[in-house]
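Participant: Quick one: the structure is below, questions incoming.
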Amino acid sequence: MVQIACATDVKEGLYDAIVVVSDGIISLTKLDKLCPDLRGAIEAFSKIDHSLDKGKVSLIPTDKFHARRIVYASTGTVHKDFDDVRRYTKAGTAAAEASLSAGVRSPLLVVVPSERFPNAGLMAALGFLHALYIPLNVVQCDKPVPKVDLLGILEVDATERAAARRVPLPLVHLLQALQRSFDVTRDIGDGDPQSMCPAKVVEYVKSSFENSSVRVSVIDDVEQIRRDYPLMSAVSRCANAIEEHKARLIWLEYDGGDETDTLYLVGKGVTFDSGGADLKVGGSMFGMCRDKYGSAVVAGFFRALDELKPKGIKVVGCMCMCRNSIGSNAYTCDEIITSRSGQRVHVYNTDAEGRMAMADVLTEARERALKAKNPHLFTIATLTGHLVLTYGHCSAAMDNGPARAAHYAEQLQHTGDEFGQPVEVSRLFSEDFDFHSAKCEAADLMQANVAPSVRTCRGHMGPAAFLMRVSRIDEAGADSARPLKYTHMDIGVSMGEYPKTSFPAPLLALIAQ
């Protein structure tokens, strides 16, 4: 993990480069109280290079500071209608990459504040840290030297900026907590199918939360999973021939004491998705090690809970770890499986395994939530290609009736905008629920369409309706005696395209919310 320090002066001798992220030279006047020489050096260079403010990174030599060089990263425009705070994230990453190329070992990051984007400093710093991440397998095999020795953070108007944040901590403390949270998510989510198979994820999670405020328990008995989580058991049936590929349910619990709210997070954790008997073909299997990213986000969220220790909240999470393999004992279409809730599910497409992996766990979460204080249930999953076609790089949030009445998805959308993790709001209609009614007397529910989601109308809304029906959350609507809030999140490729290092999404939005 990168060592982060709070700096108070750009002239400190610890740093070998001053990294400035700004939306323009005209904004550098905000640095005058801090160090007018810094603005002067950059303005002087701009007379030589007129492209300085056009969204690029420049290396500026200077003799006014011990560091002797300034890395100036321009965000480009941030004032147009559809610009957002991600300009700062991207500029931070570009600045880090340029710094590494220049051989910088101890950068000092200075972000010029933005009135429009109060979280500009945080997002630029997270972007910088993104480029410093080292994949877990590289760490385990090669014991590499960290990419930098020290990252200094000099926050302009620190008191004012801390007050503007949802988590009013000093920026360095918040960054340290988020870096640990992001690293856990990346380690699991980006890990290859063997280094992060279900058994290895269990080892990693147990080690990560040892001596922490998070309690970890694991269900790995094949017979217990077959009995209590029959839909997940079907997905895992083929993989059971290999010990480390067998399904595992990793339950996490954080209790902030005197809770007024209870969250239940269910994450899809398919460590590799071959499609099963409905095999993925034509190269579409590539990158399916990221099909566990929903569970990775759950783990990262609990790391943040352990670091930030919020009061008055209880959070229960489950990472539904399994592998959708193909072989002689693979589950197939036409099977009818009785779920934990007693609903008989007719399998149409084995490549719709994510909803199967989460459904029975969601049912258990509903059972627990009936006794909890102000519960809100979530499913988080890389569930459909339809989501990617519809919203591209964005996640989608879908509320049930009680959650919609609380405007949860809309609030999360606003939070996502603040923190550079766009969340679109998709709504559910009666047709989405009707679509999953069984077409034969032998079953209650139809699991999916025979066609892939990208060729199915409302292809990312239907799975949310299925999950509500199969878990009987649809019976806990606003008109019921015990309404339960439920939000389904399809996160698609919001973390970035494989095989590049992921930027954990919508993790930051969920933490901030």
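Residue numbers (my numbering): 4 to 516. Using N, Cα and C, we set each Cβ at its ideal position, and we do this for glycine too.
Counting pairs of Cβ atoms below 8 Å between the segment 388-398 and the segment 484-497, do you hit three or more?
Facilitator: yes
Participant: Would you grab the beta carbon distance between Asp447 and Ala441 for me? Rounded to a whole angstrom, and I think it's under 8 Å.
Facilitator: As a working mapping, residue 447 is identified with position 444 in the sequence shown. As a working mapping, residue 441 is identified with position 438 in the sequence shown. Their Cβ separation, rounded to whole angstroms, is 5 Å, which keeps Asp447 and Ala441 in contact under 8 Å.
Participant: What residue range does the alpha helix (DSSP H) around Gly192 cover?
Facilitator: As a working note, residue 192 is residue 189 in the sequence shown. Element bounds for Gly192: Leu174 to Gly192.
Participant: Rounded to the nearest angstrom, how far is the Cβ of Lys271 from that of Pro405, given a contact under 8 Å?
Facilitator: What you label residue 271 is simply residue 268 of the sequence shown in a count that begins at 1. What you label residue 405 is simply residue 402 of the sequence shown in a count that begins at 1. About 23 Å separates the CB atoms of Lys271 and Pro405; that is not less than 8 Å, and the two are not in contact.
Participant: Using C-beta distances below 8 Å, list every residue in its chain close to Thr11, excluding the 5 sequence neighbours before and after it, in chain order.
Facilitator: Counted from its first residue, the sequence shown places residue 11 at position 8. Excluding sequence neighbours, Thr11 sits near Leu157.
Participant: Asp186 to Ile137, Cα distance in whole Å?
Facilitator: The residue given as residue 186 occupies position 183 in the sequence shown. The residue given as residue 137 occupies position 134 in the sequence shown. Between the alpha carbons of Asp186 and Ile137 lies a gap of roughly 9 Å.
Participant: Within its chain, find whatever has a CB closer than 8 Å to the CB of Asp261; leave out the 5 residues flanking it on each side and keep chain order.
Facilitator: If you number the sequence shown from 1, residue 261 lands on position 258. By the criterion of a C-beta distance shorter than 8 Å, Asp261 is surrounded in its chain by Lys314 and Gly315, once the five residues flanking it on both sides are discounted.
Participant: What residue range does the alpha helix (DSSP H) around Cys144 cover?
Facilitator: Counting from one through the sequence shown, the residue named residue 144 turns up at place 141. Following the DSSP letters along the chain, one finds Cys144 inside the alpha helix (DSSP H) bounded by residues Leu139 to Asp145.
Participant: Please look up how many angstroms separate the CB atoms of Tyr18 and Gly155, rounded, as I've assumed it's under 8 Å.
Facilitator: What you label residue 18 is simply residue 15 of the sequence shown in a count that begins at 1. What you label residue 155 is simply residue 152 of the sequence shown in a count that begins at 1. Between Tyr18 and Gly155 a beta carbon distance of about 5 Å is seen, short of the 8 Å cut, so the two are scored as contacting.
Participant: So, is Val453 buried or exposed, given that buried needs 16 or more other C-beta atoms within 10 angstroms?
Facilitator: Position 450 of the sequence shown, counting from 1, holds the residue named residue 453. Burial call: exposed.
Participant: Run the CB neighbour count on Gly106, radius 10 Å, all protein chains shown included, and call it buried at 16 or more, exposed below.
Facilitator: As a first step, residue 106 is located in the sequence shown; it is residue number 103 there, counting from the start. Classification of Gly106: exposed, given that the 10 Å Cβ count is below 16.
Participant: Count the other CB atoms within 10 Å of the CB of Asn327; is the residue buried (16 or more) or exposed (fewer)?
Facilitator: Counting from one through the sequence shown, the residue named residue 327 turns up at place 324. By the 10 Å Cβ count, Asn327 comes out buried.
Participant: With distances taken Cα to Cα, identify the nearest neighbour of Gly27 among Gln6, Val13, Cys38 and His53.
Facilitator: The residue you call residue 27 lines up with position 24 of the sequence shown. When each option's Cα is compared against that of Gly27, the closest is His53.
Participant: Nearest to His248 by CA position, among Tyr267, Leu234, Val225 and Gln6, is which residue?
Facilitator: Numbered from its first residue, the sequence shown carries residue 248 at position 245. For His248, the nearest C-alpha among the options comes from Val225.
Participant: With distance defined between alpha-carbon atoms, name the residue in Pro116, Ile476, Ala362 and Arg218 nearest to Leu31.
Facilitator: Within the sequence shown, the letter at position 28 stands for residue 31. Closest option to Leu31, Cα to Cα, is Pro116.
Participant: Just to confirm the assignment, what range does the beta strand (DSSP E) spanning Thr382 have?
Facilitator: Taking the sequence shown and counting its residues from 1, the one referred to as residue 382 is at position 379. For Thr382, the enclosing beta strand (DSSP E) covers residues Pro378 to Ala384.
Participant: Assign Glu421 to buried or exposed, taking buried as 16 or more other Cβ atoms, counted over all protein chains shown, within 10 Å of its Cβ.
Facilitator: In the sequence shown, residue 421 corresponds to position 418, counting from 1. By the neighbour-count rule (16 or more Cβ atoms within 10 Å), Glu421 is buried.
Participant: When every heavy atom of the ligand ATP is checked, does at least one fall within less than 6 Å of the C-beta of Arg89?
Facilitator: Absence of the ligand ATP is noted for the structure shown, with no ligands found whatsoever.
Participant: With DSSP as the reference, identify every bridge partner of Ser61, one or two as the case may be.
Facilitator: Residue mapping note: residue 61 aligns to position 58 of the sequence shown, counting from 1. In the DSSP output, where bridge partners are listed per residue, Ser61 has Tyr75.
Participant: Would you kindly work out how many angstroms separate the C-alpha atoms of Gly16 and Ala70, rounded to a whole number?
Facilitator: Along the sequence shown, one-based indexing puts residue 16 at 13. Along the sequence shown, one-based indexing puts residue 70 at 67. Computed Cα separation, rounded: 7 Å.
Participant: First and last residue of the alpha helix (DSSP H) that includes Pro517?
Facilitator: The chain is shown from 4 up to 516; residue 517 falls before or after that span and cannot be answered.
Participant: Compare the Cα-Cα distances from Ile222 to each of Ser215, Ser211 and Val204 and report the closest residue.
Facilitator: Here residue 222 corresponds to residue number 219 of the sequence shown, with the count starting at 1. The option with the nearest alpha carbon to Ile222 is Val204.
Participant: Could you check whether Leu178 and Ile7 sit closer than 7 Å to each other, using their CB atoms as the reference points?
Facilitator: Position 4 of the sequence shown, counting from 1, holds the residue named residue 7. Position 175 of the sequence shown, counting from 1, holds the residue named residue 178. Contact: yes.
Participant: Return the CA-CA distance between Lys374 and Arg485, expressed in angstroms with no decimal places.
Facilitator: As a first step, residue 374 is located in the sequence shown; it is residue number 371 there, counting from the start. As a first step, residue 485 is located in the sequence shown; it is residue number 482 there, counting from the start. Straight-line Cα distance between these residues: approximately 10 Å.
Participant: Is it right to say Lys317 is buried, meaning 16 or more other beta carbons lie within 10 angstroms of its own, or is it exposed?
Facilitator: By one-based count along the sequence shown, residue 317 stands at place 314. Answer is buried; the Cβ neighbour count reaches 16.
Participant: Please classify His417 as buried or exposed, where buried requires at least 16 neighbouring CB atoms within 10 angstroms.
Facilitator: Position 414 of the sequence shown, counting from 1, holds the residue named residue 417. Answer is exposed; the Cβ neighbour count stays below 16.
Participant: For Ala47, count the other beta carbons within 10 Å of its own beta carbon; 16 or more makes it buried, fewer makes it exposed. Which is it?
Facilitator: Mapped onto the sequence shown, residue 47 falls at position 44. Burial call: exposed.
Participant: Going by C-alpha distance, which of Ala368, Ser215 and Val13 is nearest Asp40?
Facilitator: To locate residue 40, count along the sequence shown from 1; it is residue 37. Comparing Cα positions, the closest option is Val13.
Participant: Under the assumption that Glu367 contacts Arg343 (Cβ atoms under 8 Å), give the Cβ distance between them as a whole number of angstroms.
Facilitator: By one-based count along the sequence shown, residue 367 stands at place 364. By one-based count along the sequence shown, residue 343 stands at place 340. Taking a contact as a CB-CB distance under 8 Å, the pair Glu367 and Arg343 counts as one, their CB atoms being some 7 Å apart.
Participant: Count the C-beta pairs between the segment 230-244 and the segment 212-220 that are closer than 8 Å, then say yes if the count reaches three, no if not.
Facilitator: no
Participant: Taking just the CA atoms, how far does Ser505 sit from Lys57?
Facilitator: One-based indexing of the sequence shown puts residue 57 at position 54. One-based indexing of the sequence shown puts residue 505 at position 502. Straight-line Cα distance between these residues: approximately 26 Å.
Participant: Using the Cα positions of His82 and Ser210, report the straight-line distance between them to the nearest angstrom.
Facilitator: Against the sequence shown, residue 82 aligns to sequence position 79. Against the sequence shown, residue 210 aligns to sequence position 207. Roughly 45 Å separates the two Cα atoms.
Participant: Less than 7 Å between the C-beta atoms of Ser184 and Ala299, yes or no?
Facilitator: Numbered from 1 along the sequence shown, position 181 holds the residue referred to as residue 184. Numbered from 1 along the sequence shown, position 296 holds the residue referred to as residue 299. No; because the gap between Cβ atoms is not below 7 Å, this pair is not in contact.
Participant: According to DSSP, is Lys249 part of a helix, a strand, or is it coil?
Facilitator: Along the sequence shown, read from residue 1 onward, the residue named residue 249 stands at position 246. Correct three-state label for Lys249: coil.
Participant: Quick one: measure Cβ to Cβ for Ser456 and Thr387, integer angstroms, because I've assumed they're closer than 8 Å.
Facilitator: Along the sequence shown, read from residue 1 onward, the residue named residue 456 stands at position 453. Along the sequence shown, read from residue 1 onward, the residue named residue 387 stands at position 384. 4 Å between Cβ atoms; contact.
Participant: Determine whether the beta carbon atoms of Gly79 and Val24 lie at a separation below 7 Å.
Facilitator: Residue 79 sits at position 76 when you count from the first residue of the sequence shown. Residue 24 sits at position 21 when you count from the first residue of the sequence shown. No, the pair does not count as a contact, with Cβ atoms beyond the cut-off.
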